[in-house]
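Mind the numbering: the sequence shown is residues 1 to 309 in the numbering used here, read in order.
All C-beta atoms, glycine included, are put in the ideal place defined by N, C-alpha and C.
What follows is a single structure, written as structure tokens, with notes after it.
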Amino acid sequence: LHLRGPILGLDGPGRACRLVFSESDGLSGLTVDRYDRWLVVQFTALGMAQRRELLADLLMELVGPEGIYLRTERGIGSLEGLELQDGPLRGQAPAEPVVVGEEGLQFLVNLAEGQKTGFFLDQRDNRLAVARLAAGRRMLDAFCYTGGFGLHAARAGATGVLGIDVSEPALALARENAQRNGLASIHYVRDDVFTRLAILEQSGERFGLVVLDPPKFARARHAVEEALRGYRRLQTLALRLLEPDGLLVTCCCSGLITLDMLEELLAQLAPEEHREIQILERRGQSPDHPVSVACPEANYLKCLISRVR
């Protein structure tokens, strides 16, 4: 907890951050995220889950939240033999989405039904990095979820933002987030991202900034090759939508897909698409998701920012 508070300055009222990151914080199988006055807990190991009442008591004592909500990651229950029901561990679940602040913007977070624990806290610093490059560019935010990348870019001076996601509940929150922050230059479309990108390319649409932040394509080693084919197709479409001297942001949350694999894909695609690609930044997860040297597998998030000519 000391890391997120006094050291990083991320903890506190109205804020959102990861308080406990499993093995990286010496608590294997336990993840705890703060959203303002609520905590969301995930268990990924049977031993931790069996101690959930003790852990909930400790969190109430140390953090003093209004409530603690349990979320179970898809597929992990059967894998680890966990029989857990999502819902409040302490207190009551908030009746409405929780409002959290991020560098001057406000975001609505659905703790009960949102992806992961409600928001992609690991992308915080990457959202800010992309925003610094957004001024004067039209942006395509693919797999936009509740609008994190696009809202920061719009506030930073993007000339327009098109957000695409397949989830209508996520887009409903994205629209509310845009309205709450007074950002009218954002348009959201519900569609399969691959389908919509192909339509945009065929209709001659072009963008100065494209962000690709897809869900996890590879959950097991046998799925890596198929996942790489998905990333290849996705980046091919993105390259065709980028105007000359555009910026491509490629994110990957699959720990089994390495940074070298992503860079090799770009190296293959550059001559095929007759584009020159320069990697400007190699980035990872925000520092409230630290990586212990004893558990390098915790370094799962990759983010490449590239210039495309």
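Legend entry - Contact set for Pro88: own chain, Cβ-Cβ below 8 Å, skip 5 residues either direction: Gly67, Ile68, Tyr69 and Leu70
Legend entry - Chain-order list of residues whose beta-carbon lies under 8 Å from that of Leu8 (same chain, five-residue window excluded): Cys17, Pro287 and Asp288
Inset, instruction - Assign Ala153 to buried or exposed, taking buried as 16 or more other Cβ atoms, counted over all protein chains shown, within 10 Å of its Cβ. - result: buried
Inset, instruction - Spatial neighbours of Ile257 within its chain, please: CB distance less than 8 Å, with the 5 preceding and 5 following residues excluded, ordered by chain position. - result: Phe217, Ala218, Val224, Ala227, Leu228, Tyr231 and Lys302
Inset, instruction - Kindly indicate the opening and closing residues of the beta strand (DSSP E) around His187. - result: Ile186 to Arg190
Inset, instruction - Helix, strand or coil for Gly101, going by three-state DSSP, please let me know. - result: When secondary structure is reduced to three states using DSSP, Gly101 falls in the strand class.
Legend entry - Cα-Cα separation, Ile328 to Phe119: Outside the modelled stretch of the chain, which goes from 1 to 309, sits residue 328, for which no answer is possible.
Legend entry - Chain-order list of residues whose beta-carbon lies under 7 Å from that of Ala134 (same chain, five-residue window excluded): Ala153, Ala156, Gly157, Ala158 and Leu209
Legend entry - Cut-off 6 Å between Cβ atoms - residues of its own chain near Leu140, not counting five sequence neighbours on either side: The answer, listed in chain order, is Leu162, Phe207 and Val210.
Inset, instruction - Please work out which residues of its chain come closer than 7 Å, Cβ to Cβ, to Ser254, disregarding the five sequence neighbours upstream and downstream, and give them in chain order. - result: Lys216, Phe217, Ala218 and Ala227
Inset, instruction - With distances taken Cα to Cα, identify the nearest neighbour of Ile305 among Glu272, His274, Gln235 and Gly204. - result: Gln235
Legend entry - First and last residue of the uninterrupted beta strand (DSSP E) at Tyr35: Leu30 to Tyr35
Inset, instruction - Take the Cβ of Arg124 as the centre, count every other Cβ of all protein chains shown within 10 Å, and call the residue buried at 16 or more, exposed below. - result: buried
Inset, instruction - Buried or exposed for Pro169, please, with buried defined as at least 16 other CB atoms from any protein chain shown within 10 angstroms of its CB. - result: exposed
Legend entry - Where the beta strand (DSSP E) containing Ala313 begins and where it ends: One cannot answer for residue 313 here, as it falls past the ends of the chain, which runs 1 to 309.
Inset, instruction - Would you mind sorting Leu46 into buried or exposed? The rule is 16 or more other CB atoms within 10 Å of its CB. - result: exposed
Inset, instruction - State buried or exposed for Ile277, treating a residue as buried only when at least 16 other CB atoms are found within 10 Å of its CB. - result: The residue in question, Ile277, is buried, as its Cβ has 16 or more Cβ neighbours within 10 Å.
Legend entry - Within 8 Å, strictly: CB atoms of Glu205 and Leu183: no
Legend entry - C-beta atoms of Gln42 and Thr117 nearer than 8 Å: yes
Inset, instruction - Flag this pair as yes or no: are the beta carbons of Val130 and Val249 separated by less than 8 Å? - result: The beta carbons of Val130 and Val249 sit closer together than 8 Å.
Inset, instruction - Look at the alpha carbon of Val20 and the alpha carbon of Arg34, and state the distance between them as a whole number of angstroms. - result: 9 Å
Inset, instruction - Pull up the distance between the alpha-carbon of Val166 and that of Gly148, whole angstroms please. - result: 16 Å
Inset, instruction - Could you check if Leu265 is buried or exposed, using at least 16 other CB atoms within 10 Å of its CB as the buried criterion? - result: buried
Inset, instruction - Using the DSSP secondary-structure output, state which residues sit across from Pro88 in a beta bridge. - result: Tyr69
Inset, instruction - Identify whether Pro244 lies in helix, strand or coil by the three-state DSSP scheme. - result: In this structure, Pro244 counts as strand in the three-state DSSP scheme.
Legend entry - Three-state secondary structure assigned by DSSP to Gly12: coil
Legend entry - Which residues DSSP lists as bridging Asp141, in chain order: Gly163 and Val211
Inset, instruction - Inspect the beta-carbon positions of Ser22 and Pro290 and report whether they are closer than 8 Å. - result: no
Inset, instruction - Can you give me the start and stop residues for the alpha helix (DSSP H) that Phe194 sits inside? - result: For Phe194, the uninterrupted alpha helix (DSSP H) segment begins and ends at Val193 to Gln202.
Legend entry - Terminal residues of the beta strand (DSSP E) in which Leu39 lies: Trp38 to Phe43
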